[in-house]
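A short write-up of the structure that comes next.
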Amino acid sequence: LWIETRDSGTAAMGTAGTTSDCSRILGPLAGAAILAACGMGPTYVIITACYIAAAVLTALGGKGLAHRRAAGIGQASFTREVVEGLHYVYRTPCLHAGMWLAVLVNATVIPLTGGLMPYIARDIYHLDRFGLGCLLACFSFGAFCGSIGVSTLGTALPAARTFIAAVLTWCTMVLIYVFMPGPVSAGI
7 LWIETRDSGT AAMGTAGTTS DCSRILGPLA GAAILAACGM GPTYVIITAC
57 YIAAAVLTAL GGKGLAHRRA AGIGQASFTR EVVEGLHYVY RTPCLHAGMW
107 LAVLVNATVI PLTGGLMPYI ARDIYHLDRF GLGCLLACFS FGAFCGSIGV
157 STLGTALPAA RTFIAAVLTW CTMVLIYVFM PGPVSAGI
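Read in order, the letters of the sequence shown correspond to residues 7 to 194 in the working numbering.
Rendered as C-alpha cells:
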C-alpha cells in the first residue's frame, strides 16, 4: 500500500501524469494504424467499444468504497466540495497565482498545439493521417518525458518554480516548433 505524503505529492502527480501521457502517445499511433488497416467505419466502432469498456470499468471501480460511505467519509456534495476548493484557491495567494498561470497557458499554448496540429500536418507538412498520428505522438512524448522527470525528481523540486520553468520551457519549445521547416526536423 502506497500512502501519499506531503513530500511525495509532486512525485505522485508526475507518476499519475505518465498514464495519460502514454495514452496520448499510443492513442494516435494506434488510431492511425487501425484507420489504415480497417477504414473509417470499423475504426469508429473500435474506438466506441474502447470508450464503452472504459466507462464500464470506471463504473465498476467505485464498488469498494461502500465501507467509506457507511462510515460517513466522503459524503459532501459535489457542488459543496467545488465551492470549498474555489474558496481555498482564492484565499491562498500561491494557488491563486498558479491557477491564473494555468488559465493563461490553457488559453494560449494548448489551442496552438492541439487545435492547429491537424492543419499543420495537412497544409504545412503535407502529411496524411498516419503522419498526423506520428506528429501527435511526438508531441506527447515530450509531456511523457516531463512526467517522468517530475515523478523521479518531484520531492527535490520546488513546485512553484518547477511549474513556471515547465511553462516557459513549453512555450519556448512551441516557438521553436513554429520555425521548423519540415516534419523531419520536427521529430518525425
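Just so it is clear, CB atoms sit at the ideal spot from N, CA and C, and this is done for glycine as well.
Of all the options 148, 22, 19 and 177, which has the alpha carbon lying nearest to the alpha carbon of residue 115?
Nearest option by C-alpha distance: 177.
How should residue 184 be labelled, buried or exposed, when 16 other C-beta atoms within 10 angstroms of its C-beta is the threshold for buried?
It is exposed - the Cβ of residue 184 has fewer than 16 other Cβ atoms within 10 Å.
Check whether the Cβ atoms of residue 187 and residue 133 lie closer than 8 Å to each other.
No, the Cβ-Cβ distance between residue 187 and residue 133 is not below 8 Å.
May I have the straight-line CA-CA distance separating residue 121 from residue 103, to the nearest angstrom?
About 26 Å.
Exposed or buried, residue 127, counting other C-beta atoms within 10 Å across all chains shown (16 or more means buried)?
Looking at its Cβ environment, which holds 16 or more other Cβ atoms inside 10 Å, residue 127 is buried.
Examine the Cβ distances between the region 39-49 and the region 156-166 and report whether three or more of them are shorter than 8 Å.
No, the region 39-49 is not in contact with the region 156-166.
What separation, rounded to the nearest whole angstrom, lies between the Cα atoms of residue 136 and residue 58?
Cα to Cα, residue 136 sits roughly 25 Å from residue 58.
Since residue 27 and residue 150 should fall inside the 8 Å C-beta cutoff, what is the C-beta to C-beta distance between them, to a whole number of angstroms?
Indeed, because the Cβ distance is near 4 Å, the residues count as touching under 8 Å.
Using a Cβ-Cβ cutoff of less than 6 Å, which residues in the same chain neighbour residue 111 once the five nearest sequence positions on both sides are dropped?
Same-chain partners within the cutoff: 173.
Since residue 152 contacts residue 35 with CB under 8 Å, what's their CB separation in whole angstroms?
About 19 Å; that fails the 8 Å criterion.
Tell me where the alpha helix (DSSP H) around residue 147 begins and ends.
Looking at the DSSP string, the run of the alpha helix (DSSP H) that includes residue 147 is 135-159.
What is the DSSP secondary structure of residue 98, counted as helix, strand or coil?
Coil at residue 98, not helix or strand.
Which word fits residue 141, buried or exposed, when buried means at least 16 other C-beta atoms lie within 10 angstroms of its C-beta?
Label assigned to residue 141: buried.
Grouping DSSP H, G and I as helix and E and B as strand, with all else coil, what is residue 124?
Helix.
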